[in-house]
Amino acid sequence: MRISVAVITYNWPSALALVLQALAAQSELPYEVIVTDDGSQPATRELLENVAPGYPVRLVHLWQPDDGARMSRARNRAIAAARGDYVILLDGDMVAERHFVADHHAFARRGCFVQGSRVLTDAGLTRRMLEESAPTPGFLSRGIERRRHTLRLPALAQWYARPGTKQRGIKSCNMAFWRDDLLRLNGFNEAMTGWGREDTELAIRAFHAGLLRRELRFSALATHLYHPTRKHVVGNPNDLIVDDTRARGLVRCEQGVDGHLAEFAQPPADLRPG
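Numbering (the numbering used here), first residue to last: 13 to 286.
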């Protein structure tokens with residue numbers, strides 16, 4: 013099967029460079045990497061043009077104007093543009109371990125989506141990783157939280173991956189769906205802007221559609237680069253949309269990926285020369 017990795021980014025080209033470097037060094041390469049950009053300044057495009065000539069797989073850049081945080085729309089454009097059968101969602105501050113794509117491939121099951129984990133870094137380790145292009149940290153590294161997520165233990169990973177409908181811990185920074193399931197759900201809900209909850213709302217609709225969640229622990233490892241967070245927004249209006257989706261048993265959202273399919277009826281350009 014073809015795997016598309018959809019990387020969302022916004023004005024952090026040094027982090028994106030490390031993310032792209034890690035994806036280019038995978039033990040199993042994806043079919044394509046789609047960088048979906050929520051309105052970055054030209055430095056991000058310049059980075060991609062510099063990286064593209066030697067990149068080992070199809071590399072795509074999708075840009076939308078900066079009109080506030082529109083993560084749902086940016087991810088939907090990547091889903092619409094994807095030519096893979098399976099879409100791995102990855103944030104532009106998540107550095108993948110070298111078996112990341114292979115592990116996601118191994119865990120893909122029809123009727124399920126996959127929720128991955130992440131290692132958290134502090135500001136000092138993040139600075140060293142960016143300045144030195146340092147590898148992803150190991151179990152004994154300093155400056156990390158959730159240390160257990162540095163361990164790649166495929167046998168134990170299989171035990172954790174029993175399908176279920178747990179709603180806690182949903183995070184689209186490391187998540188994967190069959191593309192046709194995303195189209196059936198109409199992707200992310202673009203009525204949700206600003207920080208957070210769009211991934212939880214998507215997962216709830218997936219459960220309503222009969223999909224199950226496979227927990228991907230001790231496999232498909234990725235390291236989150238430190239930055240200040242806007243988590244725990246008080247009075248987040250997106251919470252009301254989540255509650256409405258849950259109460260009404262919705263499967264599809266009204267404003268979703270179908271609004272972008274016509275734009276990407278033809279594949280977007282590969283940035284690599286020739």
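Where is the CB? At the ideal position from N, CA and C, for every residue including glycine.
- Per DSSP, Glu40 lies in no alpha helix (DSSP H) segment and is marked neither H nor E.
- Contact between Leu30 and Met141 holds: their C-beta atoms lie close to 6 Å from each other, under 8 Å.
- Judged by their CB atoms, Asp282 and Val72 are nearer to each other than the 8 Å cut-off.
- Judged by pairs of C-beta atoms under 8 Å, the stretch 24-43 touches the stretch 54-65, as three or more such pairs exist.
- Nearest C-alpha to Arg180 among Arg209, Ala259 and Val47: Arg209.
- For Phe119, the enclosing alpha helix (DSSP H) stretches over residues Phe112 to Phe119.
- Sixteen is the threshold: when 16 or more other Cβ atoms of the shown chains lie within 10 Å of the Cβ of Glu202, as they do, the residue is buried.
- As DSSP reads the structure, Asp49 sits in a beta bridge with Thr21 and Trp75.
- Comparing C-alpha distances from Phe230 to each of Phe119, Arg196, Asp134 and Pro249 shows the shortest one belongs to Phe119.
- Only buried fits Glu227, as 16 or more other CB atoms lie within 10 angstroms of its CB.
- Burial check for Leu137: the Cβ neighbour count within 10 Å reaches 16 or more, so the residue is buried.
- With respect to the 8 Å criterion, Ala86 and Ile20 are classified as neighbours on the basis of their beta carbons.
- Ranked by Cα distance from Tyr238, the options Ala274, Ala114, Gly199 and Val107 are led by Val107.
- Shortest Cα-Cα distance from Pro147 to any of Asp103, Arg260, Gln38 and Asp50 involves Gln38.
- Rounded to the nearest angstrom, the gap between the Cα atoms of Arg191 and Gly286 is 27 Å.
- Distances from the alpha-carbon of Arg110 to those of Gln278, Asp255, Ala234 and Asp251 put Ala234 closest.
- A distance below 8 Å separates the beta carbons of Thr177 and Arg225.
- About 32 Å separates the beta carbons of Ala167 and Ile91, which is beyond the 8 Å limit, so they are not a contact pair.
- Counting the other Cβ atoms within 10 Å of the Cβ of Ser184 gives 16 or more, which makes it buried.
- CA-CA distance, Gly222 to Arg122, rounds to 11 Å.
- With a cutoff of 8 Å on beta-carbon distance, His236 and Leu132 are scored as near each other.
- Straight-line spacing of the CA atoms in Gly80 and Gly206 works out to 7 Å.
- Selection Arg160, Asp105, Asp115 and Ala93 evaluated against Ala135 yields Asp105 as nearest (Cα-Cα).
- Counted as a single uninterrupted DSSP element, the stretch harbouring Asp256 is not any beta strand (DSSP E) but the alpha helix (DSSP H) occupying residues Pro249 to Arg260.
- Rounded to the nearest angstrom, the Cβ distance from Pro280 to Leu74 is 6 Å, consistent with a contact under 8 Å.
- Where Asn186 is concerned, the enclosing beta strand (DSSP E) starts and stops at Asn186 to Trp190.
- Listed in chain order, the non-local C-beta contacts of Tyr43 below 8 Å within the same chain comprise Arg14, Ile15, Ser16, Val69, Arg70, Arg95 and Gly96, local neighbours out to five positions each way being set aside.
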